[in-house]
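In our numbering, the protein residues as written are 6 to 503.
Right, one structure below, let's go through it.
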């Protein structure tokens with residue numbers, strides 16, 4: 006029997022449509038009852054669906070970041086060109102990109118890197134140091150063959166300096182040549198140089214593939230979280246696994262600052278406009294944006310409700326277990342309620358480890374690190390935005406074998422969601438599947454030069470050798486069907502929606 010579930014609508018106090026808060030219409034309750042009773046996967050038809058939990062091609066790829074034989078050992082501290090101090094900037098994952106690139110820049114300059122200083126002054130006001138978030142000894146020892154790293158500039162060197170360390174800020178996405186031409190002469194002259202606001206200060210594409218692979222070594226191997234964070238993160242993963250064989254982790258960026266920065270509007274009337282407008286004043290250089298145009302361009306984060314609709318349309322049933330990673334959600338429980346009702350098995354770190362989290366609560370970066378661990382270990386990772394955490398996790402999951410990672414095709418989905426009350430559920434679900442082709446974390450989404458390196462680390466992903474003669478014939482045939490689109494000889498087909 007064909008599923009003819011009615012559309013889902015919301016209303017706000019003045020009866021205007023609101024995308025994320027307010028009361029639930031009776032048709033919404035009816036839809037939930039119909040879905041639960043029928044067990045319909047919301048796929049739109051009864052043909053066998055794809056495996057929405059993992060790509061059937063993922064087993065043919067793996068992370069590979071070993072440098073070539075011509076990659077010389079690191080310069081010893083005494084024979085390096087000087088000491089490089091780095092002041093990272095932003096939230097945890099923005100700072101992570103800075104730390105990764107700091108190691109590579111130190112290698113380019115033949116400098117000794119001092120363990121990077123984390124940002125204590127940004128919006129998040131987290132005074133955690135590197136040692137509070139990452140395993141600093143592991144970081145130093147793991148990279149010892151590539152870059153010499155120390156915890157501080159030796160006192161003897163500091164006393165011998167005629168002037169304090171030279172401080173400078175390099176332009177964003179500067180190539181290797183900039184560092185050699187502009188930074189190295191100062192380093193040789195002054196012995197200690199500090200680079201400030203160090204986030205995305207190194208070019209995305211580097212000619213030396215060994216340097217790109219060094220980025221992967223830092224990101225996926227050297228940056229291991231500190232033991233207290235690692236322990237609680239793994240305990241949360243174990244709790245999720247005890248409840249369900251597999252689960253989805255959803256990274257919801259729907260905090261007030263995120264929405265204010267986006268310039269988007271979500272139907273909350275003058276109250277929303279005033280509250281987000283006041284927050285937006287913190288950024289003095291932000292241009293005035295048209296909320297309607299930003300939504301049409303796909304720049305507005307999906308609401309929790311819209312994320313839930315997307316997942317149900319893709320085929321995830323209401324008994325699926327989800328872990329929600331987020332900060333303070335704008336609108337609170339009213340905003341989250343629709344997602345909870347679409348997926349009743351709804352968990353957060355606060356629900357799974359309330360007392361254990363007390364020590365971490367004053368530190369937003371440590372809380373974000375805990376969420377990072379659970380999201381990385383999940384069977385499916387979903388994001389409603391394309392921020393730093395989403396990009397880095399997407400890249401890490403590709404490196405781990407293209408684990409299923411779903412990011413919304415926001416431009417097409419936004420237009421579709423605005424029209425959802427004009428179509429039946431089967432039609433809506435079919436259109437969502439069509440929208441999401443190419444946004445499901447399949448191997449063929451890795452195209453040379455696409456996006457940020459941290460999201461698409463193509464030089465660090467290799468193809469497994471073709472199977473031997475005694476292998477399964479079906480797998481050999483499967484490989485023959487996969488088109489060639491990148492350095493890897495066997496990327497996968499595009500996502501088949503149904």
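Every residue gets a Cβ at the ideal spot worked out from N, C-alpha and C, and that includes glycine.
Contact under 9 Å by Cβ, residue i with residue j
| i | j | result |
| --- | --- | --- |
| residue 268 | residue 294 | yes |
| residue 255 | residue 340 | no |
| residue 446 | residue 407 | yes |
| residue 385 | residue 252 | yes |
| residue 514 | residue 307 | Given a span of 6 to 503 for the chain in the structure shown, any question on residue 514 remains unanswerable. |
| residue 335 | residue 261 | yes |
| residue 3 | residue 198 | Not covered by the structure: residue 3. The range shown for the chain is 6 to 503. |
| residue 448 | residue 311 | no |
| residue 109 | residue 200 | no |
| residue 344 | residue 323 | no |
| residue 351 | residue 237 | no |
| residue 303 | residue 395 | no |
| residue 131 | residue 331 | no |
| residue 263 | residue 390 | yes |
| residue 318 | residue 231 | no |
| residue 90 | residue 119 | yes |
| residue 282 | residue 296 | no |
| residue 138 | residue 284 | no |
Alpha-carbon spacing of residue i relative to residue j, whole angstroms
| i | j | result |
| --- | --- | --- |
| residue 67 | residue 213 | 21 Å |
| residue 157 | residue 195 | 16 Å |
| residue 373 | residue 92 | 20 Å |
| residue 402 | residue 463 | 12 Å |
| residue 239 | residue 379 | 7 Å |
| residue 504 | residue 103 | One cannot answer for residue 504 here, as it falls past the ends of the chain, which runs 6 to 503. |
| residue 280 | residue 257 | 20 Å |
| residue 229 | residue 151 | 17 Å |
| residue 469 | residue 65 | 5 Å |
| residue 430 | residue 315 | 12 Å |
| residue 94 | residue 123 | 7 Å |
| residue 410 | residue 444 | 8 Å |
| residue 376 | residue 133 | 16 Å |
| residue 52 | residue 427 | Note that residue 52 has pLDDT 43, beneath the 50 cutoff, so the model's placement of it is unreliable and no number is given. |
| residue 140 | residue 439 | 43 Å |
| residue 245 | residue 368 | 24 Å |
| residue 69 | residue 81 | 26 Å |
| residue 437 | residue 313 | 12 Å |
| residue 300 | residue 417 | 10 Å |
| residue 162 | residue 168 | 11 Å |
Assigned secondary structure, residue i (DSSP; H/G/I helix, E/B strand, else coil)
| i | result |
| --- | --- |
| residue 208 | coil |
| residue 331 | strand |
| residue 173 | strand |
| residue 255 | strand |
| residue 450 | helix |
| residue 312 | helix |
| residue 127 | coil |
| residue 279 | helix |
| residue 467 | strand |
| residue 117 | strand |
| residue 298 | helix |
| residue 179 | strand |
| residue 90 | strand |
| residue 139 | strand |
| residue 388 | strand |
| residue 326 | strand |
| residue 441 | coil |
| residue 66 | strand |
| residue 340 | helix |
| residue 197 | strand |
| residue 410 | strand |
| residue 433 | helix |
| residue 147 | helix |
Candidates the options: closest to residue i by CA position
| i | options | result |
| --- | --- | --- |
| residue 76 | 215, 136, 189, 89 | 215 |
| residue 250 | 334, 395, 327, 336 | 327 |
| residue 207 | 367, 180, 233 | 180 |
| residue 397 | 205, 57, 130 | 205 |
| residue 287 | 163, 465, 127, 435 | 127 |
| residue 423 | 331, 405, 271 | 271 |
| residue 106 | 466, 465, 467, 459 | 459 |
| residue 461 | 209, 58, 73, 248 | 209 |
| residue 226 | 433, 113, 404, 60 | 404 |
| residue 451 | 58, 57, 63, 56 | 63 |
Chain C contact for residue i (CB, 9 Å cutoff)
| i | result |
| --- | --- |
| residue 76 | This model lacks chain C altogether, as it is built from one protein chain only. |
Kindly confirm or deny that the segment 354-361 and the segment 286-305 touch, where touching means at least three C-beta pairs closer than 8 Å.
no
Does the segment 358-365 come close enough to the segment 221-231 that 3 or more CB-CB pairs lie under 8 Å?
no
Do the segment 182-194 and the segment 81-91 meet, that is, are 3 or more Cβ pairs less than 8 Å apart?
yes
Tell me whether the segment 168-184 and the segment 130-147 touch, counting them as touching only if at least three CB pairs, one residue from each stretch, are closer than 8 Å.
Contact between the segment 168-184 and the segment 130-147 is absent, because fewer than three Cβ pairs lie under 8 Å.
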